[in-house]
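Undergrad: First the structure, which I've put down as structure tokens, then a few questions once you've had a look.
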Amino acid sequence: MTSATLEKTPAANAPAAPSAGPAAAPQRGPAPKTRTLLVGFDLGTNKSCVLAGPATGTDIAVSKVVPTVVGYVKDGIVDGIIAGNSRLIFGEEALRNLLHIRLVAPVSEGVITDPAAARDFLQHIRSLVDPTGNAEIRAVVGVPANADSGARDDIRRAAFGIFDRVLMIPEPFLAALGYRDDSRLNQPNYLDPVVNSLFIDIGGGTSDLCLVQGCFPSAEDQVSIPFAGDAIDELLHGDLDRVYPNNGLSRLKVREIKEAHAYVGPSRKPLEVRVIMGGKAHTIELGDNLARACNALIDKIYPALTSLIARAPSDSVLTLLQNIIVTGGGSQIKGIDAILQKKLTDDGFEAPRVKLAGQDYKRYVALGALKAARAARENQWQVLLG
Amino acid sequence: MCTLRALGRTLEAEALRTGEIEALTGRLRAESSDSDAAWSARLAGVLAAEEERVANATVLAEVLLPLLRGESPVPPVPPPAAASPVRVRLETAPARSAPAAPRPTASITDFLDEMIAQETAPAALSPGRPPRAS
């Protein structure tokens, strides 16, 4: 079986060039914009989430999770193999047609590393939000905690001509806004996560931690660790290659195995997984391999967690310890809440409670971004200039 | 509905009563085999229980709030400012066993002002976290 190579290019400093090809972004002339659409956009390393709706009201007209990949169709592909004979496909469609495309992942460790592919991807996102192409698009885009100016400029360059206005906000803070249940703010016993909480957002490229205590977090209140889902995949893949040489498993297949079986804590054996290697079915035992790869994440996150707890004012710490929330894809790792809670307890922290964000974990950053888009004043938006 | 009434938001409470609640109770009534009198009594009982629960919560909050202010004063949250960034420390935590009383929360617009202030302020002047209380 041919494995498509997932290309992640080194960070480029060159400005993004508009992509060429029949499926390239349609040239938008100076036609007046008939309406304004607000977008909350979580540009993830592996998966992106976009929520969009009108500027007024609370309706969400578009809600999509799209794998952050662009597929450039190879030359010579027979007509009809790719729907609409497109030269450019995205997301799930690209992953379904690995044999016929060059697959590019424009984001690595939370930042854009392929500007051209990033522009193509953003144009695709725009087409999902506004098929007519007539709307003014204002997008709040989540960025990793403490993303530097270069990373932010890359997003602006990629978004120029696609989004009309942007705001970039750290993802774990957006997760807190999204996780907050606005309908319960007046309930006496509701613990507003924006007032006193610590969010741990474990994505594909980065694990971001953020102390949220009723004000916008400073740089010191946020930690971004370039170790997350992709790093676990790499560790697991390396382990598999060592134990089962020439296994032929692609990184995507290894990620599937991880997403199905990942856990932290003591090794659980036997953990048997059926895989196809060289066209033949094999059952391999992965208990120790998964434990090693996933527990490495805990080793990275825990020191950052305790360092942020240490920053909180002492009067607030007891409530903060009750409001530690794990979100992002990493929240699906079995036992991650229990293990972090146990480590805090063992280290003497008073009655900590680590919670999982729940099944909506994919949407919270984008939801918080959309809330921010709806709340932003005119002079808070950034206008993209060429 | 009971909470809205306790907060003095009677119009919203009435809208809820005549809208969503009436539609829901109507559907349940149609599926119920109770007599009209029995149904009305059940509904009245539920409403009475909820009103009492909200009243108890309100009283508890009124008792706790002065105690909380005495131990750890919460600065008042200013209304959203048009231009100036606002940095407000909203809470110092109550005792873990005591329920949190409702408190005003800074708006998202205010958070954005703070974010922009951090991004544009020189590093030496950027607002930092208040000193940790001992």
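Respectively, the protein sequence lines represent chains G and H. Numbers in our numbering are just positions in the first sequence, counted from 1, shifted up by 52. Numbers in our numbering are just positions in the second sequence, counted from 1, shifted up by 28. For glycine and all other residues, C-beta sits at the position ideal for the given N, C-alpha and C. All values reported here derive from a predicted model rather than from experimental measurement.
#1: Does any residue of chain G have a CB that is nearer than 8 Å to the CB of L44 (chain H)?
#2: When Cβ atoms are compared, which residues of the region 226-246 of chain G fall closer than 8 Å to chain H?
#3: Let me know if P322 (chain G) comes out buried or exposed under the rule of 16 or more other beta-carbons within 10 Å of its beta-carbon.
#4: What is the DSSP secondary structure of P127 (chain H), reduced to helix, strand or coil?
#5: To the nearest angstrom, how far is it from the Cα of A428 (chain G) to the Cα of G109 (chain G)?
#6: Quick one: what's got a C-beta closer than 8 Å to L357 (chain G)'s C-beta in the same chain, skipping five residues either side?
#7: For a contact meaning CB atoms closer than 8 Å, what does I49 (chain H) contact in chain G?
#8: What distance in whole Å lies between the Cβ atoms of G420 (chain G) and A439 (chain G), which are believed to be in contact at a cut-off of 8 Å?
#9: Does the ligand SAH have even one heavy atom less than 7 Å from the beta-carbon of V193 (chain G)?
#10: DSSP state of P224 (chain G), grouped into three classes?
#11: Which residues bound the beta strand (DSSP E) around E324 (chain G)?
#12: Between which residues of its own chain and N186 (chain G) is the CB-CB distance below 6 Å, once the five residues before and five after are set aside?
#13: Beta-carbon of F268 (chain G) versus every beta-carbon of chain H: anything under 8 Å?
#14: Quick one: list the residues of chain G neighbouring L140 (chain H), beta-carbon separation under 9 Å, in chain order.
#15: So M143 (chain H) contacts chain G; which residues on that side make the cut at Cβ distance below 7 Å?
#16: Can you grab the Cα-Cα spacing for the pair K386 (chain G) / L342 (chain G), in whole Å?
#17: Buried or exposed for S100 (chain G), please, with buried defined as at least 16 other CB atoms from any protein chain shown within 10 angstroms of its CB.
#18: Could you tell me if R415 (chain G) is buried or exposed, where buried requires 16 or more neighbouring beta carbons within 10 angstroms of its beta carbon?
#19: Out of curiosity, what's the CA-to-CA distance linking L243 (chain G) and R232 (chain G)?
#20: I want to see whether chain G comes within less than 8 Å of A202 (chain H), judged by CB atoms only; does it?
#21: Whole-angstrom Cβ separation of L8 (chain H) and N238 (chain G), contact assumed at under 8 Å?
#22: Does the distance from the CB of L163 (chain G) to the CB of A191 (chain G) come in under 8 Å?
#23: Measuring CB to CB, does A418 (chain G) end up less than 8 Å from G105 (chain G)?
#24: What does the Cβ neighbour count give for G410 (chain G), buried or exposed, with the cut at 16 atoms within 10 Å?
#25: Got a sec, what are the start and stop residues for the alpha helix (DSSP H) Y416 (chain G) sits in?
#26: Rounded to whole angstroms, what's the CA-CA distance from T120 (chain H) to D282 (chain G)? Just pull it up for me.
#27: Do the CB positions of K126 (chain G) and L180 (chain G) come within less than 8 Å of each other?
#28: Return the CA-CA distance between P269 (chain G) and G256 (chain G), expressed in angstroms with no decimal places.
#29: For F401 (chain G), which of helix, strand or coil comes out of DSSP?
#30: Of the residues G:F173, G:V121 and G:N149, which one's Cα is nearest the Cα of V130 (chain G)?
#31: Roughly how many angstroms lie between the CA atoms of L151 (chain G) and R55 (chain H), to the nearest whole one?
#32: Just checking my contact of V378 (chain G) with L349 (chain G) at CB under 8 Å: how many whole Å lie between their CB atoms?
#33: Would you mind telling me which residues of chain G sit closer than 9 Å to A77 (chain H), beta carbon to beta carbon, in chain order?
#34: What's the C-alpha gap between P365 (chain G) and G266 (chain G)?
#35: Just checking: is the beta-carbon of L52 (chain H) within a distance shorter than 8 Å of some beta-carbon in chain G?
#36: Answer with yes or no whether the minimum CB distance from A66 (chain H) to chain G is below 8 Å.
TA: Let's see:
#1: No, no contact with chain G.
#2: Per Cβ criterion, the list reads L229, L237, N238, Q239, P240, N241, Y242, L243, D244 and V246.
#3: Classification for P322 (chain G): exposed.
#4: The predicted position of P127 (chain H) is uncertain, since its pLDDT is 38 and thus under 50; a value taken from the coordinates is nonetheless stated next. In this structure, P127 (chain H) counts as coil in the three-state DSSP scheme.
#5: CA-to-CA, the gap between A428 (chain G) and G109 (chain G) works out to about 14 Å.
#6: Exclusion of the five residues before and after L357 (chain G) leaves L250, I252, L261, I376, L392 and L396 as the residues of its chain whose Cβ lies within less than 8 Å of its Cβ.
#7: Ordered by position in chain G, no residue passes the 8 Å Cβ test against I49 (chain H), which lies about 15 Å from the chain.
#8: Because residue 439 (chain G) is not part of the residues shown, which for chain G are 53 to 438, the question remains open.
#9: Although the ligand SAH was asked about, the structure shown includes no ligands whatsoever.
#10: Reduced to three states, the DSSP call for P224 (chain G) is helix.
#11: For E324 (chain G), the uninterrupted beta strand (DSSP E) segment begins and ends at E324 to M329.
#12: Sequence-distant partners of N186 (chain G) (beyond 5 residues in either direction) whose C-beta falls short of 6 Å from its own C-beta, in its chain, are T86.
#13: At least one CB of chain H lies nearer than 8 Å to the CB of F268 (chain G).
#14: Those within 9 Å of L140 (chain H) in chain G are L219, I221, F268, A424, A427, A428, R429 and Q432.
#15: Within 7 Å Cβ-Cβ: I221 and F268.
#16: The alpha-carbon separation between K386 (chain G) and L342 (chain G) amounts to approximately 11 Å.
#17: That one is buried.
#18: So R415 (chain G) ends up on the buried side.
#19: Rounded to the nearest angstrom, the two C-alpha atoms are 9 Å apart.
#20: With chain H represented from 29 up to 162, any question about residue 202 (chain H) goes unanswered, as that position is not in the structure.
#21: No answer is possible for residue 8 (chain H): it lies beyond the span of chain H, which begins at 29 and ends at 162.
#22: According to the sequence as given, residue 163 (chain G) is Val; it is not Leu. Not in contact: V163 (chain G) and A191 (chain G) (Cβ atoms no closer than 8 Å).
#23: Result no, Cβ atoms of A418 (chain G) and G105 (chain G) do not sit closer than 8 Å.
#24: Exposed, because fewer than 16 other Cβ atoms sit within 10 Å of the Cβ of G410 (chain G).
#25: Y416 to A427 is the extent of the alpha helix (DSSP H) around Y416 (chain G).
#26: Residue placement at T120 (chain H) is poorly supported in this model, since its pLDDT is 42, which falls under 50; the coordinates still yield a value, given next. When rounded, the distance between both Cα atoms is 38 Å.
#27: Contact: no.
#28: In a straight line, the C-alpha of P269 (chain G) is about 23 Å away from that of G256 (chain G).
#29: Reduced to three states, the DSSP call for F401 (chain G) is coil.
#30: For V130 (chain G), the nearest C-alpha among the options comes from G:N149.
#31: Computed Cα separation, rounded: 54 Å.
#32: No, V378 (chain G) and L349 (chain G) are not in contact; Cβ-Cβ is about 11 Å, not under 8 Å.
#33: Close to A77 (chain H), with beta-carbon spacing below 9 Å, lies no residue of chain G; the smallest spacing is near 17 Å.
#34: For P365 (chain G) and G266 (chain G), the distance between alpha carbons rounds to 12 Å.
#35: No, no contact with chain G.
#36: Using a Cβ-Cβ cut-off of 8 Å, A66 (chain H) does not count as an interface residue toward chain G, since no Cβ of chain G sits closer than that to its own.
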